[in-house]
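Q: Have a look at the structure that comes next, please.
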Amino acid sequence: MTLPQAPALSLPPMLSEQDAATLTELYIRGTPQNTRRAYERDLLYIATWKAVRFGGALDWPEREAVALCFILDHAIDLTQAALDDPARQVAEGLIARGLRRSLACPAPATLDRRIASWRTFHRMRNLPSPFEAPLIAEARRKARRAAARQPAPKSAHPITRDVLETMLESCEPSPRGRRDRAMLMLGFASGGRRRSEIAALMRADVGLEGFAAQGLIRLRLAGTKTTPTGKTPTLVLKGRPARALVDWIEAARIEDGPLFRAISKSGRVLARQMSGDAVYQIVKRRLRLAGLAEDYASPHGLRSGFLTQAALDGAPLQAAMRLSLHKSMAQAQRYYDDVEIAENPAGNLLG
-18 MTLPQAPALS
-8 LPPMLSEQDA
2 ATLTELYIRG
12 TPQNTRRAYE
22 RDLLYIATWK
32 AVRFGGALDW
42 PEREAVALCF
52 ILDHAIDLTQ
62 AALDDPARQV
72 AEGLIARGLR
82 RSLACPAPAT
92 LDRRIASWRT
102 FHRMRNLPSP
112 FEAPLIAEAR
122 RKARRAAARQ
132 PAPKSAHPIT
142 RDVLETMLES
152 CEPSPRGRRD
162 RAMLMLGFAS
172 GGRRRSEIAA
182 LMRADVGLEG
192 FAAQGLIRLR
202 LAGTKTTPTG
212 KTPTLVLKGR
222 PARALVDWIE
232 AARIEDGPLF
242 RAISKSGRVL
252 ARQMSGDAVY
262 QIVKRRLRLA
272 GLAEDYASPH
282 GLRSGFLTQA
292 ALDGAPLQAA
302 MRLSLHKSMA
312 QAQRYYDDVE
322 IAENPAGNLL
332 G
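When the letters of the sequence shown are read in order and numbered with our numbering, they come out as residues -18 to 332.
Encoded structure:
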């Protein structure tokens, strides 16, 4: 993890440089890998923005005027701004560096995330954040409201049962096909797992004690986006997904270590653990082999597809949430609402 380039952490006087190093290491080990990567991207963006806008490096703590300017620069659509508009010139500089996509107003969630990262960098250094100032906090609220839009789905389409079945048909009886079949079925049937959760699974997380007698597999996730490490409830696989996972474990002779592994071009199962990006590539490949566009869905489609299918099948929302591990009922309810409104008979009043 790359921490902001700034003076040493502001520690109490009696603590040493070794204590600062220990604290930095604690931040690294206590922050999920995906979050660390997001911090690094945000830090690069923020530092580059200030260098282009003000010609200098980040300050710690940052000045309130700089924080306010950051909000203003990202609160409006710059496509119609004058060519000599400072905000437009900075945006064009960021686009040229590959850090910004267009002159359009960024999504409120993107601005919120970058501000949250900036605030986190201040907390890491035991420093006050300029975003707590009343004027800046109010400007941020107004910017969020002014740019409010329907959030884009994380997957273009949900991978519902019919789509998944088509993808599974492309999984040949080879190590690669067995792995992909088990991965897709587990990702869907265990509640719609995120790609980072799938990639992080270890053989020790799979309990086969009840498989022979009951056809059940118990999954123990180390942690999820909404549950801390060690607090995630045990999940269950049964039926075809359970058999597919056992088939992969036996075929690949996995006794310990990573559950889902890289496979060489010659078809040899490697010891190397897969990454979340590898899961993404597998979903793309199986979509293509199923005759669908690669961008038809992302790995998150397994998660949205699980909830959508649960709604289509009439499963109670609370039962689906016990597997998906959603903390917010309102968030999970959106998938059910989409299904219910599509089937609402009031939408057919004119035939």
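Each residue gets a CB set at the ideal place from its N, CA and C atoms; glycine is no exception.
Under the assumption that Arg176 contacts Val71 (Cβ atoms under 8 Å), give the Cβ distance between them as a whole number of angstroms.
A: Residue mapping note: residue 176 aligns to position 195 of the sequence shown, counting from 1. Residue mapping note: residue 71 aligns to position 90 of the sequence shown, counting from 1. With 8 Å as the limit, Arg176 and Val71 do not qualify as a contact, their Cβ atoms being about 33 Å apart.
Q: In whole angstroms, give me the CA-to-CA distance for Ala1 and Gln14.
A: What you label residue 1 is simply residue 20 of the sequence shown in a count that begins at 1. What you label residue 14 is simply residue 33 of the sequence shown in a count that begins at 1. Straight-line Cα distance between these residues: approximately 21 Å.
Q: Using the Cβ count rule (16 or more neighbours within 10 Å means buried), how would you classify Leu64?
A: One-based indexing of the sequence shown puts residue 64 at position 83. Answer is exposed; the Cβ neighbour count stays below 16.
Q: Classify Leu202 as buried or exposed, calling it buried when 16 or more other Cβ atoms lie within 10 Å of its own Cβ.
A: Here residue 202 corresponds to residue number 221 of the sequence shown, with the count starting at 1. The residue is buried, with at least 16 neighbouring Cβ atoms inside 10 Å.
Q: Can you list, in chain order, the residues of its chain whose CB lies under 6 Å from that of Gly188, leaving out five sequence neighbours each side?
A: Translated into the one-based positions of the sequence shown, residue 188 becomes position 207. Arg199, listed in sequence order.
Q: Let me know the secondary structure DSSP gives Lys31 once reduced to three states.
A: Within the sequence shown, the letter at position 50 stands for residue 31. Helix.
Q: How is Leu7 classed by DSSP in three states: helix, strand or coil?
A: Position 26 of the sequence shown, counting from 1, holds the residue named residue 7. Three-state result, Leu7: helix.
Q: Under 7 Å Cβ to Cβ from Pro222, same chain only, skipping five residues before and after it: list those, please.
A: Start at 1 with the first residue of the sequence shown, and residue 222 comes out as number 241. Met166, Leu167, Ala170, listed in sequence order.
Q: Could you give the distance in angstroms between the alpha-carbon of Leu182 and the alpha-carbon of Ile9?
A: Here residue 182 is taken as the residue at index 201 of the sequence shown, counted from 1. Here residue 9 is taken as the residue at index 28 of the sequence shown, counted from 1. If I take the Cα positions, the gap works out to 21 Å.
Q: If contacts are defined as beta-carbon pairs under 8 Å, then Leu306 and Thr205 qualify, I think. What distance do you get, rounded to the angstrom?
A: In the sequence shown, residue 306 corresponds to position 325, counting from 1. In the sequence shown, residue 205 corresponds to position 224, counting from 1. Correct: roughly 6 Å between the Cβ atoms.
Q: Alpha carbon to alpha carbon, how far is Leu49 from Arg157?
A: As a position in the sequence shown, residue 49 is number 68, starting the count at 1. As a position in the sequence shown, residue 157 is number 176, starting the count at 1. Going from the Cα of Leu49 to the Cα of Arg157 covers about 51 Å.
Q: Nearest to Gln290 by alpha carbon, out of Ala28, Ala233, Leu24, Pro139?
A: Translated into the one-based positions of the sequence shown, residue 290 becomes position 309. Measuring from the Cα of Gln290, the nearest candidate turns out to be Pro139.
Q: Could you check what DSSP says for Ala90 in three-state terms: helix, strand or coil?
A: Locating residue 90 in the sequence shown gives position 109, counting from the first residue. The answer is helix: DSSP assigns Ala90 an H, G or I state.
Q: Using the beta-carbon count (16 or more within 10 Å), is Leu24 buried or exposed?
A: Walking along the sequence shown from the start, residue 24 turns up at place 43. So Leu24 counts as buried.
Q: Shortest alpha-carbon distance to Pro89 belongs to which of Arg81, Ala120, Ala56, Phe102?
A: Numbered from 1 along the sequence shown, position 108 holds the residue referred to as residue 89. That would be Ala56, whose Cα lies nearest to the Cα of Pro89.
Q: Among the candidates Thr213, Thr215, Gly220, Glu178, whose CA atom is the shortest distance from the CA of Gln197?
A: Stepping through the sequence shown from its first residue, residue 197 is reached at position 216. Note that residue 197 is Leu in the sequence shown, not Gln. Taking only the C-alpha atoms, the option nearest Leu197 is Gly220.
Q: What does the alpha-carbon distance come out to for the pair Lys315 and Tyr277?
A: For the purposes of this step, residue 315 is identified with residue 334 of the sequence shown, where counting begins at 1. For the purposes of this step, residue 277 is identified with residue 296 of the sequence shown, where counting begins at 1. Sequence check: residue 315 is Arg here, not Lys. When rounded, the distance between both Cα atoms is 20 Å.
Q: If you reduce the DSSP assignment to three classes, tell me which class Leu84 lands in.
A: As a working mapping, residue 84 is identified with position 103 in the sequence shown. It is coil, neither helix nor strand.
Q: Quick one: give me the first and last residue of the beta strand (DSSP E) that Ile244 is part of.
A: Residue numbering aside, residue 244 sits at position 263 when the sequence shown is read from its first letter. Its beta strand (DSSP E) spans residues 242 to 244.
Q: Given Leu293, which residues of its chain have a CB within under 6 Å of its CB, disregarding the five upstream and five downstream residues?
A: In the sequence shown, counting from the first residue as 1, residue 293 sits at position 312. So the qualifying residues of the chain are Val320.
Q: Given this structure, state the Cα-to-Cα distance separating Gly191 from Pro280, to the nearest angstrom.
A: Translated into positions along the sequence shown, residue 191 becomes position 210. Translated into positions along the sequence shown, residue 280 becomes position 299. Approximately 29 Å, taken between the alpha carbons.
Q: Please classify Met310: does DSSP put it in a helix, a strand, or coil?
A: Along the sequence shown, one-based indexing puts residue 310 at 329. Helix at Met310.
Q: Roughly how many angstroms lie between the CA atoms of Gln195 and Leu226, to the nearest whole one?
A: Along the sequence shown, read from residue 1 onward, the residue named residue 195 stands at position 214. Along the sequence shown, read from residue 1 onward, the residue named residue 226 stands at position 245. Looking at the two C-alpha atoms, the distance is approximately 15 Å.
Q: From what residue to what residue does the beta strand (DSSP E) around Arg122 run?
A: As a first step, residue 122 must be located in the sequence shown, where it is residue number 141. Unbroken run through Arg122 is the alpha helix (DSSP H), 115 to 127; no beta strand (DSSP E).
Q: Can you tell me the Cα-Cα spacing of Leu53 and Lys123, whole angstroms?
A: To locate residue 53, count along the sequence shown from 1; it is residue 72. To locate residue 123, count along the sequence shown from 1; it is residue 142. Cα-Cα distance, rounded: 10 Å.
Q: Going by CA-CA distance only, name the one from Gly257, Asp318, Ala120 that's closest to Ile179.
A: Within the sequence shown, numbered from 1, the residue matching residue 179 stands at position 198. Looking at the Cα atoms, Gly257 is the closest of the given residues.
Q: Looking at the unbroken beta strand (DSSP E) that takes in Ile198, where does it start and where does it end?
A: For this step, residue 198 is matched to residue 217 along the sequence shown. Unbroken beta strand (DSSP E) run through Ile198: 197 to 200.
Q: According to the neighbour-count rule (16 or more other Cβ atoms, all chains shown, within 10 Å of its Cβ), is Ile161 buried or exposed?
A: Here residue 161 refers to the residue found at position 180 when the sequence shown is read from its first residue. Here the sequence assigns Asp to residue 161, which means Ile is not the residue at that position. Classification of Asp161: buried, given that the 10 Å Cβ count is 16 or more.
Q: Which runs of the alpha helix (DSSP H) fall wholly inside the segment 139 to 181 and span at least 4 residues, in chain order?
A: The segment 139 to 181 contains these whole alpha helix (DSSP H) runs: 142 to 150, 156 to 170, 176 to 181.
Q: What residue from Ala271, Gly79, Arg104 has the CA that sits closest to Met148's CA?
A: What you label residue 148 is simply residue 167 of the sequence shown in a count that begins at 1. Here the closest residue by C-alpha is Ala271.
Q: Measuring only the C-alpha atoms, how far is Arg44 from Ser98?
A: Reading the sequence shown from its first residue, position 63 is the one you call residue 44. Reading the sequence shown from its first residue, position 117 is the one you call residue 98. Their Cα atoms are separated by approximately 16 Å.
Q: Between Leu216 and chain C, is the shortest Cβ-Cβ distance under 8 Å, so that the two count as touching?
A: The structure shown contains no chain C, having only a single protein chain.
Q: In the DSSP assignment, find the beta strand (DSSP E) that holds Lys219 and state where it starts and stops.
A: Start at 1 with the first residue of the sequence shown, and residue 219 comes out as number 238. It spans 216 to 219 - the beta strand (DSSP E) in which Lys219 sits, taken as one unbroken run.
Q: For Ala48, name the three-state secondary structure that DSSP assigns.
A: Taking the sequence shown and counting its residues from 1, one reaches residue 48 at position 67. Helix at Ala48.
Q: State the beta-bridge partners of Pro239 as determined by DSSP.
A: Within the sequence shown, the letter at position 258 stands for residue 239. Looking at the DSSP assignment, Pro239 forms a beta bridge with Met183.
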